[in-house]
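Asker: Please find one structure pasted underneath; my questions will follow.
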Amino acid sequence: MKQYGGVINPKTKRAKRFLDHRAPKLTENIKNAMIMKGGNTSMTVTQALKDIYALKKPSAVLYKKKNITRPFEDSTSLEFFSKKTDSSLFLFGSHNKKRPNNLIFGRLFDFHVLDMIELGIEKYNSLSDIKSSKCPEGTKPMLVFAGEAFDHDNDHKRLKSLLTDFFRGPVVPSVRLAGLEHVLHFTALEGKIYMRSYRSLLKKSGCRTPRIELEEIGPSFDFILRRTHLASDDLYKTAHRQPKALKPKKKKNISHDTFGTKFGRLHMQKQDLAKLQTRKMKGLRKRRGPAAAAVVEGETSPKTAEVE
1 MKQYGGVINP KTKRAKRFLD HRAPKLTENI KNAMIMKGGN TSMTVTQALK DIYALKKPSA
61 VLYKKKNITR PFEDSTSLEF FSKKTDSSLF LFGSHNKKRP NNLIFGRLFD FHVLDMIELG
121 IEKYNSLSDI KSSKCPEGTK PMLVFAGEAF DHDNDHKRLK SLLTDFFRGP VVPSVRLAGL
181 EHVLHFTALE GKIYMRSYRS LLKKSGCRTP RIELEEIGPS FDFILRRTHL ASDDLYKTAH
241 RQPKALKPKK KKNISHDTFG TKFGRLHMQK QDLAKLQTRK MKGLRKRRGP AAAAVVEGET
301 SPKTAEVE
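UniProt numbering puts the first residue of the sequence shown at 1, with every later residue one more than the last.
Pasting the structure below:
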């Protein structure tokens with residue numbers, strides 16, 4: 001590929017497909033994640049990165065070599081690797097005396113760091129420590145967030161958004177019932193964040209609806225919130241902006257309730273009840289002749305008019 005004045009001209013079909021894959025689209029590609037470790041790590045951090053990589057596969061890249069960088073001080077290396085692998089999410093693990101067993105979750109916008117949140121591992125159980133059958137690779141998880149902090153505290157709100165972006169997997173139009181077998185549960189309690197991973201089991205219940213049981217499969221983490229680097233409100237709003245072509249067109253007189261039920265309002269013209277067609281009955285038949293005129297004027301009753 002040659003570059004003239006900032007424009008890259010592909011010379012082969014493979015290079016053209018590569019550029020088309022990275023070109024801006026109305027519907028974005030699946031977000032990839034870079035998982036890397038710093039210059040100094042511990043066995044806990046190394047194993048934790050491998051377990052999170054196993055949850056994130058196949059939309060993840062695991063770097064086995066050490067990267068001597070400090071994301072909170074200089075993020076140029078992260079932005080370089082982001083362009084190289086076309087990744088908008090990253091997980092960085094490090095370990096030192098001041099911040100032991102450290103994990104940094106972050107995401108990028110336009111290949112620049114948008115926000116980062118640093119979590120410390122206080123307790124950890126790996127996938128191999130919990131002896132149970134695991135979910136298949138690439139299973140889309142169900143995310144559950146419990147705790148008032150996720151709704152009221154600004155740092156925890158942004159952490160909820162970041163974890164949702166990191167673990168939600170590909171966007172699909174529908175999921176079959178048997179495919180809902182992986183659950184990631186996050187609990188915010190007393191300044192800590194507890195992450196648990198479960199497998200949902202469908203048991204017999206004696207009726208059509210199965211009975212659901214949760215079996216822990218790992219990994220499990222007890223995190224403590226440390227440093228944060230959050231984007232400004234304007235930049236955060238710009239990152240969430242959608243193109244006009246994807247915005248749903250508003251339809252008049254159509255609304256939806258909280259359960260997704262569709263309601264429509266009809267506008268009809270004013271009806272003339274005199275021209276309303278009713279059921280034909282002898283009692284409703286119009287009278288003719290002098291007898292009908294006498295009834296209208298009130299001179300005689302219908303019975304006397306018939307007698308005369």
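Here a beta-carbon is modelled for each residue, glycine too, at the ideal position from N, C-alpha and C.
Just so you know, these numbers come straight off a predicted model, no measurement behind them.
Do Gly191 and Ile224 have their C-beta atoms closer together than 8 Å?
Answerer: In this structure, Ile224 lies closer than 8 Å to Gly191 by Cβ.
Asker: Need the endpoints of the beta strand (DSSP E) that Ser200 sits in, please.
Answerer: Looking at the DSSP string, the run of the beta strand (DSSP E) that includes Ser200 is 192–203.
Asker: Which residues mark the beginning and the end of the alpha helix (DSSP H) in which Met268 is found?
Answerer: First-last for Met268: undefined, no H or E at that position.
Asker: Taking C-alpha atoms, which residue in Met36, Gly39, Lys157 lies nearest to residue 377?
Answerer: The first residue shown for the chain is 1 and the last is 308, placing residue 377 beyond what the model contains.
Asker: Report yes if the CB atom of Ile130 is closer than 8 Å to the CB atom of Gly218, and no otherwise.
Answerer: yes
Asker: My guess is that Ala231 and Asp115 are in contact by the Cβ rule of under 8 Å, so how many angstroms apart are they, rounded?
Answerer: 5 Å
Asker: Looking at C-alpha atoms only, which residue of Arg196, Leu246, Lys203, Lys84 is the closest neighbour of Met142?
Answerer: Arg196
Asker: Where does Thr258 land, buried or exposed, given buried means 16+ other C-beta within 10 angstroms?
Answerer: Only exposed fits Thr258, as fewer than 16 other CB atoms lie within 10 angstroms of its CB.
Asker: Less than 7 Å between C-beta atoms, sequence neighbours within five positions excluded: which residues of the same chain meet that for Arg107?
Answerer: Answer for Arg107: Ser88, Leu89, Leu114, Asp115, Leu162, Asp165, listed in chain order.
Asker: Less than 8 Å between the beta carbons of Lys66 and Phe111, yes or no?
Answerer: Taking C-beta atoms as the reference points, Lys66 and Phe111 fail to come closer than 8 Å.
Asker: At which residue ranges does the stretch 21–99 contain complete alpha helix (DSSP H) runs of 4 or more residues, listed in the order of the chain?
Answerer: 43–56, 76–85
Asker: Pull up the distance between the alpha-carbon of Lys140 and that of Ile35, whole angstroms please.
Answerer: Between the C-alpha atoms of Lys140 and Ile35 there is a straight-line separation of about 19 Å.
Asker: Roughly how many angstroms lie between the CA atoms of Ile212 and Arg70, to the nearest whole one?
Answerer: In this structure, the alpha-carbon of Ile212 lies about 44 Å from that of Arg70.
Asker: Would you check if the distance between the CB atom of Glu215 and the CB atom of Leu201 is smaller than 8 Å?
Answerer: yes
Asker: Go ahead and label Ser220 buried or exposed: buried means 16 or more other beta carbons lie within 10 angstroms of its beta carbon, across all protein chains shown.
Answerer: Buried.
Asker: Classify Lys40: buried if its beta carbon has 16 or more other beta carbons within 10 angstroms, exposed otherwise.
Answerer: A small fix is needed here, since residue 40 is Asn in this sequence, not Lys. When all chains shown are included, Asn40 counts as exposed.
Asker: In terms of alpha-carbon separation, which member of Asn253, Arg279, Leu246, Ser42 lies closest to Gly93?
Answerer: Ser42
Asker: Measuring only the C-alpha atoms, how far is Val171 from Thr46?
Answerer: 29 Å
Asker: Hey, could you find the ends of the alpha helix (DSSP H) Leu159 is sitting in?
Answerer: 154–167 is the span of the alpha helix (DSSP H), which, as asked, contains Leu159.
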